[in-house]
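Input: a single structure, listed below in C-alpha cells.
Residue numbers (our numbering), protein chains in the order written: chain A, 29 to 141; chain B, 19 to 129.
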C-alpha cells in the first residue's frame, strides 16, 4: 500500500511569491491535515480537510489556505511569501481524522529567499 | 493558549538503560495523547497513543498518563542506538480541536 506522497520535495522561492504544495493521501484515507515544522516553533497545525471540507484550522494568517479534491488529494497555498515561511511542510492522512491512525508524508522543504 | 511542554534535551542514556521522556499539557479537557518518533531528516511516525489514566505497554515502550497532574510520559526499556531520535508529544482536546505538538525531546542512546 503506497504511503502519503508530497510534491515537490524541495522548493526555493523568493519573498512575495506564492507557492502551492500537493499531498496525496493513502488510498481510502479521506482526512488530510497540514502542518508546518520549524526549529523554533516545532510542529504546528495548519488545517484539516475531510471530504473536501475544511474541518479545523490552526492559528495561521489568511495567506495560508488549502483545499481538498474529490479524490482526497489536497493542496495548500501560501501567498505573499515571507522569510519566516521557510519550513518543512508536512501533510498527514487518516481514514476519518482519527489521530491514532494518522500517517505523515515525507514533507516539502520550502526555502524563502 | 493551549500548550504542550517537553524538555528539549538532549537526553543521553547508555544502551540497555531505560529512557524516560516527559510531557505536560495545559488544557485540562484534553482527551487523547500521542507519542511520535522523528528521526533526523524524516517525518514523524506514531509509536504510542493513550486515552485513559494509567500505563499502556507496547513492546519496549510504555506510555503513562496522569490527567490530574496533566502529565504524560514515555518509557523506553532496553534502549538501543536505533532509538536515537526526537520524540514528540501530541495532545488533542475535545472534538473539533486540533492536535497540538510539543517541541520534542532529543534522545541519544550510546553504545
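Beta carbons are placed, not taken as given, at the ideal position from N, Cα and C, and that holds for glycine. None of the values given here were measured: they were computed from a predicted structure.
Interface flag, residue i vs chain B, CB-CB below 9 angstroms
{"i": "residue 132 of chain A", "result": "yes"}
{"i": "residue 45 of chain A", "result": "no"}
{"i": "residue 86 of chain A", "result": "yes"}
Min CB distance residue i to chain A below 9 angstroms
{"i": "residue 118 of chain B", "result": "yes"}
{"i": "residue 32 of chain B", "result": "no"}
{"i": "residue 99 of chain B", "result": "no"}
Closest residue to residue i among the options (Cα-Cα distance)
{"i": "residue 86 of chain B", "options": "B:44, B:63, B:24, B:31", "result": "B:44"}
{"i": "residue 71 of chain A", "options": "B:84, B:117, B:129", "result": "B:117"}
{"i": "residue 93 of chain A", "options": "A:121, A:124, A:67, A:61", "result": "A:61"}
{"i": "residue 65 of chain A", "options": "B:76, B:106, B:101, B:19", "result": "B:106"}
Residue(s) in a DSSP beta bridge with residue i
{"i": "residue 131 of chain A", "result": "A:121"}
{"i": "residue 104 of chain B", "result": "B:56, B:124"}
{"i": "residue 20 of chain B", "result": "Answer is none; residue 20 of chain B lacks a bridge partner."}
{"i": "residue 60 of chain A", "result": "A:77, A:121"}
{"i": "residue 75 of chain B", "result": "B:80"}
{"i": "residue 50 of chain A", "result": "A:35, A:103"}
{"i": "residue 64 of chain B", "result": "B:54"}
Exposed unless 16 or more other CB atoms sit within 10 angstroms - verdict on residue i
{"i": "residue 91 of chain A", "result": "exposed"}
{"i": "residue 112 of chain B", "result": "exposed"}
{"i": "residue 130 of chain A", "result": "buried"}
{"i": "residue 57 of chain B", "result": "exposed"}
{"i": "residue 55 of chain B", "result": "buried"}
{"i": "residue 35 of chain A", "result": "exposed"}
Residue i - DSSP class collapsed to helix/strand/coil
{"i": "residue 93 of chain B", "result": "strand"}
{"i": "residue 83 of chain B", "result": "strand"}
{"i": "residue 32 of chain B", "result": "strand"}
{"i": "residue 112 of chain A", "result": "helix"}
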